[in-house]
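Visitor: This is the structure I have questions about; it appears just below.
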Amino acid sequence: MIAAVERAQEEMATYRSGRSRVRLAMFPSGSTLLLPAVLDRAADNEIAVDASHLDVGYPDAPPALADFDVVVTHRDERTAPVASPRVRVTELMREPLDVVVPRTSSLAQRDSVSVAELADHDWISVEGGFPVDDVLLSISAVTGVAPRVTQRMLDFTTIEALVAARHGIALMPRHASRHPGVKPLVLEGVRAARVYEALTRPRPRRAVAAVVDTLAAAAADLAE
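Right under this line is the structure:
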């Protein structure tokens, strides 16, 4: 009820000012990738976007629509999308996940590696329940090779720093890998990716739908 009242107040403010305002929540690595272009496109359409970070597991993303107009979330591609009459799901993009290894490793001379070859390595992962860890677990289920996770972090920059310092290897979203001390390797013989989705209420305002369109356009630019 409180959220509905707040939305009604925002719509009245929009009517008075002539400028639409949309509350957007995104997970950090997704916002790094998409948000600059989204803000540019939204401004061109006279839409003010109030962007916030929201880093939660996939099941916890839909409830955030009580506080935001658009929630950009991510999931393991093997996980079924949200199925609820109270949520509209727009798939934005598929981002492959690679294995990152230290540049000083013998594996760094290669461009790809099989999961079986990584069985004796320590892994650094994100917290359980987050998509990258879900992908790691699903790879384990498909291949029968159980990863030995020794550290868990929620920051890809920290994970890459640990990999570069030879404390383990990690799964990393392809567009998130930036550390000069690591080498990304494609996983052979297994699909590994996360899917970006934009969640809204079933009948979003025109400005909200326009922001979802800008997200889709920004994601499409990355695929070109």
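Residue numbers for the sequence shown follow UniProt numbering, so the first one is 1 and each next one is one higher.
Where a beta carbon is used, it is the ideal one built from N, C-alpha and C, also for glycine.
#1: When the Cβ atoms of the stretch 109–119 are set against those of the stretch 186–197, are three or more pairs found closer than 8 Å?
#2: Assign Thr150 to one of two classes, buried (16 or more other C-beta atoms within 10 Å of its C-beta) or exposed (fewer than that).
#3: Taking the alpha-carbon positions, what's the Val207 to Leu136 distance?
#4: Using a beta-carbon distance below 7 Å, is Asp69 in contact with chain C?
#5: What distance in whole Å lies between the Cβ atoms of Ala193 and Glu95, which are believed to be in contact at a cut-off of 8 Å?
#6: Please name the residue in Asp60, Phe130, Val89 whose C-alpha comes closest to that of residue 234.
#7: Tell me the DSSP bridge mates of residue 233?
#8: Count the other CB atoms, across all protein chains shown, that sit within 10 Å of the CB of Asp46; report buried if there are 16 or more and exposed otherwise.
#9: With DSSP as the reference, label Leu54 as helix, strand or coil.
#10: Smallest Cα separation from Pro173: which of Ala210, Arg201, Val126, Ala146?
#11: Alpha carbons only, please: which of Glu160, His179, Ile124, His175 is nearest the one belonging to Arg152?
#12: Start and end of the beta strand (DSSP E) containing Asp122?
#13: What is the C-beta distance between Pro202 and Arg86, in whole angstroms, given that I count them as a contact (C-beta under 8 Å)?
#14: In whole angstroms, what is the alpha-carbon distance linking residue 225 and Arg19?
#15: Check the C-beta distance from Glu160 over to Val100 and give it rounded, since I have them as a contact under 8 Å.
#16: Which two residues bound the contiguous beta strand (DSSP E) that contains Glu160?
#17: Assuming Val22 contacts Val49 under a Cβ cut-off of 8 Å, what Cβ separation, rounded to an integer in Å, is found between them?
#18: Report all residues from its chain with a CB closer than 7 Å to the CB of Phe156; omit the five preceding and five following residues, and keep chain order.
#19: Rounded to whole angstroms, what's the CA-CA distance from Thr143 to Asp122? Just pull it up for me.
#20: What's the call for His53, buried or exposed, on a 16-neighbour Cβ count within 10 Å?
#21: So, under 8 Å CB-CB, Val145 and Val163 are touching, yes? Tell me the CB distance rounded to an integer number of Å.
#22: Exposed or buried, what is Ser31 when buried is set at 16 or more other beta-carbons lying within 10 Å of its beta-carbon?
#23: With DSSP as the reference, label Ser112 as helix, strand or coil.
#24: So, is Leu97 buried or exposed, given that buried needs 16 or more other C-beta atoms within 10 angstroms?
Guide: Taking the geometry as given:
#1: yes
#2: Around the Cβ of Thr150, a 10 Å sphere holds fewer than 16 other Cβ atoms; the residue is exposed.
#3: Here the sequence assigns Ala to residue 207, which means Val is not the residue at that position. Going from the Cα of Ala207 to the Cα of Leu136 covers about 37 Å.
#4: Of the chains in the structure shown, none is chain C; there is only one protein chain.
#5: With a Cβ gap of about 6 Å, Glu95 and Ala193 count as contacting.
#6: Because the chain in this structure spans residues 1 to 224, residue 234 falls outside the shown range and cannot be described.
#7: With the chain represented from 1 up to 224, any question about residue 233 goes unanswered, as that position is not in the structure.
#8: A small correction: the amino acid at residue 46 is Glu; Asp does not occupy that position in the sequence shown. Label assigned to Glu46: exposed.
#9: coil
#10: Val126
#11: Ile124
#12: 122–125 is the extent of the beta strand (DSSP E) around Asp122.
#13: 6 Å
#14: No answer is possible for residue 225: it lies beyond the span of the chain, which begins at 1 and ends at 224.
#15: 6 Å
#16: Taken as a continuous stretch (DSSP letters only), Glu160 belongs to no beta strand (DSSP E), being part of the alpha helix (DSSP H) at 156–164.
#17: 5 Å
#18: Ser29, Met172, Ala176
#19: Distance between the alpha carbons of Thr143 and Asp122 is about 17 Å.
#20: Flag for His53 reads exposed.
#21: In fact, because the Cβ distance is near 19 Å, the residues do not count as touching under 8 Å.
#22: buried
#23: strand
#24: When all chains shown are included, Leu97 counts as buried.
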